[in-house]
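>
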Amino acid sequence: NNVPPGIDPDKLAALLDRERAMWTDARPRTAALRERARRTQLHGTPQHWISQFPPPVPLVVDRAVGARLYDIDGHEYADFGLAATAALWGHNHPAVVAALRDQLDRGSVTLWATEDHVTVTEELQRRFGLPYWQFTVSATDANRFALLLARVATGRERILVFNYAYHGSLEYPESTKVVEFNDLDALERAVAPGDVAAVLAEPVMTNGGAVIHPDPGFHTGLRDLTRRTGTLLVIDETQTIPAGPGGCVRELGLEPDLITMGKCVAGGIPAGVYGMSDEVAAAAELYTKDGDGGLGSTLASGPLAVRAMRAVLTEVMTDETYAHMNRLAERYEREVAAVIAQHGLPWHVGRLGGRVSYAFTPTPPRNAGQLYPRVGAAARDALWLYLANRGIVLNGMSGAALMSPMTDESDVERHGELFASVIDELTC
Ligand code: PMP
16 NNVPPGIDPD KLAALLDRER AMWTDARPRT AALRERARRT QLHGTPQHWI
66 SQFPPPVPLV VDRAVGARLY DIDGHEYADF GLAATAALWG HNHPAVVAAL
116 RDQLDRGSVT LWATEDHVTV TEELQRRFGL PYWQFTVSAT DANRFALLLA
166 RVATGRERIL VFNYAYHGSL EYPESTKVVE FNDLDALERA VAPGDVAAVL
216 AEPVMTNGGA VIHPDPGFHT GLRDLTRRTG TLLVIDETQT IPAGPGGCVR
266 ELGLEPDLIT MGKCVAGGIP AGVYGMSDEV AAAAELYTKD GDGGLGSTLA
316 SGPLAVRAMR AVLTEVMTDE TYAHMNRLAE RYEREVAAVI AQHGLPWHVG
366 RLGGRVSYAF TPTPPRNAGQ LYPRVGAAAR DALWLYLANR GIVLNGMSGA
416 ALMSPMTDES DVERHGELFA SVIDELTC
């Protein structure tokens, strides 16, 4: 199942060998640094998953500028991976850089608030609708605290997530219930006993290398079922901010009890936030009245991160930014779809605002379970390497592409040409 339908296995194997050799041969400094790193890092990488990305020796970045990466062997890449949404606005957006420069001389962490904190929570309330907000260091932490508060507010233990959802490196207890996305019947059965504190969901699933849209009526059903059974709804917007300036919550008109996000909210400075309803806030205030209650951490809401958040919310997440991202993503999607159609491949390409990805299924998947067992690992690696050897970097894990306000249209055009030529080479 390494070879998706439409691809010639022999051509794929030959291309993969050639592209792996080409990658390593052109990167002597990168290879030497990997050997050095092996002596002090697990798998020779600072985070274990980098070792699972397609290149035989992982990219070592010299600098990241705009929507481009430059490696230590002198190669330049258009970066469509954008740190898996954390660098969505580009690596050095001028508004974020100016904000950080300004704040560096005024302190990075104080454990007291600045005026920016209020500006930021006001803006979050305005965009996403929920009244009360708190800060964290990451999206993982935002989800952890949201689930804790859901349990506190409901007095229930169990959590429900959709199959193959990823919400950070959380410990899911054995009591977690799992149903397929878009399956309201299964959801109804799972929440009926009244023992689920919260459903934690991405509004549009972005994991598993695909964009999985909700069926018409799915979100209405999800909200009805959760309300009816006293189950809270936590919407994780971490990877769906590319959908629009108020995320999917605004695009789809959702009414969650809690919202979590992280990654790009502070333009690349570690930060997350979570918002909550009046009811959850009332429970949270009681819970935290006489101590810390296990919420928060020292580095959360440091003025440096919050100054960056203010810049992102007030200067970067504008309609113009989204218009540019959408226009480029539409072109990227159109060019991939044309190649798929031209070769009659049973694949499809999906998009959510500035996020695009192709999947080796003939129709858009309705849930992530349909994507497993994963088809086409070798083809995914081959596509990634072919493009990267020619200056285009996609997400190392899923092959997804993100458009930033700093992405050049010429890079999208180049992707389209390269995608056409690699598919020409690989098809039967
Ligand atoms: N939520 C979602 C939907 C995610 O995809 C991720 C990470 N990919 C997270 C939360 C966790 O983010 P982080 O690793 O930055 O804490």
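Residue numbers (this note's numbering): 16 to 443. The beta-carbon is built from N, C-alpha and C at its ideal position, and this holds for glycine as well.
(1) Closer than 7 Å: is that where the CB of residue 178 sits relative to any heavy atom of ligand 1?
(2) Taking 7 Å as the limit between beta carbons, can you name the residues of its chain near residue 330, skipping five residues before and five after?
(3) Please confirm if the stretch 44–57 is in contact with the stretch 72–79, defined as three or more CB-CB distances below 8 Å between the two stretches.
(4) To the nearest angstrom, how far is the alpha carbon of residue 407 from that of residue 257?
(5) Give me the Cα-Cα distance between residue 273 and residue 90, rounded to the nearest whole angstrom.
(6) In three-state terms, what does DSSP make of residue 68?
(7) Which residues in the same chain have their Cβ closer than 7 Å to the Cβ of residue 39, if we skip the five residues on either side of it in sequence?
(8) How long is the line joining the alpha carbons of residue 345 and residue 372, rounded to whole angstroms?
(9) With a cut-off of 8 Å on the beta carbons, I'd call residue 154 and residue 183 a contact; round off their distance for me.
(10) Return the chain-ordered list of same chain residues with a C-beta closer than 8 Å to the C-beta of residue 259, the five sequence neighbours on each side being excluded.
(11) For residue 93, list the residues DSSP reports as bridge partners.
(12) How would you call residue 443, buried or exposed, if buried means at least 16 neighbouring beta carbons within 10 angstroms?
(13) Please name the residue in 400, 161, 195 whose C-alpha comes closest to that of residue 298.
(14) With DSSP as the reference, please indicate the residues paired to residue 332 in a beta bridge.
(15) On the DSSP bridge assignment, give the partners of residue 373 in chain order.
(16) Just confirm the distance between the C-beta atoms of residue 379 and residue 365, as a whole number of angstroms; I'd bet it's less than 8 Å.
(17) From residue 325 to residue 281, what distance separates their C-alpha atoms?
(18) Could you name the residues that DSSP lists as bridge partners for residue 442?
(19) Helix, strand or coil: how does DSSP classify residue 150 here?
(20) Between the stretch 246–254 and the stretch 208–215, can you find at least three pairs of beta-carbon atoms closer than 8 Å?
(21) Do residue 23 and residue 328 count as a contact pair if the criterion is CB distance below 8 Å?
(22) Could you compute how far the alpha carbon of residue 412 sits from the alpha carbon of residue 17?
(23) Work out the CA separation of residue 97 and residue 20 for me, nearest whole Å.
(24) When DSSP labels each residue in this structure, what does residue 78 get in the three-state scheme?
(25) For the stretch 213–222 against the stretch 160–178, are there 3 or more C-beta pairs whose distance is under 8 Å?
(26) Per the contact definition of three or more C-beta pairs closer than 8 Å, is the stretch 300–318 in contact with the stretch 121–137?
(27) With distances taken Cα to Cα, identify the nearest neighbour of residue 143 among 250, 186, 65, 219.
The relevant details are as follows:
(1) no
(2) 110
(3) Yes, the stretch 44–57 is in contact with the stretch 72–79.
(4) Distance between the alpha carbons of residue 407 and residue 257 is about 20 Å.
(5) For residue 273 and residue 90, the distance between alpha carbons rounds to 43 Å.
(6) coil
(7) 46, 71, 72
(8) 12 Å
(9) 6 Å
(10) Result list for residue 259: 265, 266, 337, 368, in chain order.
(11) Paired residue(s): 83, 407.
(12) exposed
(13) 161
(14) Answer by DSSP bridge pairing: none, since residue 332 is not bridged.
(15) 364
(16) 6 Å
(17) 8 Å
(18) 22
(19) strand
(20) Short answer: they touch.
(21) At the C-beta level, residue 328 and residue 23 stay beyond 8 Å of one another.
(22) 15 Å
(23) Rounded to whole angstroms, residue 20 to residue 97 spans 29 Å at the Cα level.
(24) strand
(25) At 8 Å Cβ cutoff, the stretches touch.
(26) yes
(27) 250
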